[in-house]
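Novice:
Numbering (full-length UniProt numbering), first residue to last: 1 to 139.
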């Protein structure tokens, strides 16, 4: 406000006639004055709705509390939908299909290698056992 006149910026600065301080609206009938008055009325309605919500929730009402409610700063929790959206966004990985198939193939390969080693070890034990038995019985 500059000397009872309001500066409104919409591409260019223009001076409006002034305000009715008791009514809280802009003087004038020009399109810009109507738009600003409509906007001010919408803001008043939203602030009043925040006040009514706080009354219905039996919360302690202060100017700061109404401001926080109006701006949405009073929310301390996320909804389940917001949590799922966040999870989906964070865990989004374009290579997940390839990674899982790689992990599966790696597991199968390691299992085959381990089984082969066990079979080789068992067969070598069998050969060793046969050699020991043959040597022992030949004495």
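For each residue, glycine too, the CB sits at the ideal point set by N, CA and C. All of these numbers come straight from a predicted model, not from anything done at the bench.
Distance check for residue 81 and residue 58, CA to CA, integer angstroms please.
Specialist: 27 Å
Novice: Please list, in chain order, all residues of the same chain as residue 54 whose beta carbon is under 7 Å from its beta carbon, the five residues on each side excluded.
Specialist: Correct list, in chain order: 61, 65, 66 and 69.
Novice: State buried or exposed for residue 113, treating a residue as buried only when at least 16 other CB atoms are found within 10 Å of its CB.
Specialist: When all chains shown are included, residue 113 counts as exposed.
Novice: On the three-state DSSP scale, how would you describe residue 120?
Specialist: helix
Novice: Start and end of the alpha helix (DSSP H) containing residue 149?
Specialist: Any question about residue 149 goes unanswered here, given that the chain covers just 1 to 139.
Novice: On the DSSP letters alone, give me the boundaries of the alpha helix (DSSP H) that residue 68 sits inside.
Specialist: 63 to 71
Novice: To the nearest angstrom, how far is the alpha carbon of residue 84 from that of residue 63?
Specialist: 34 Å
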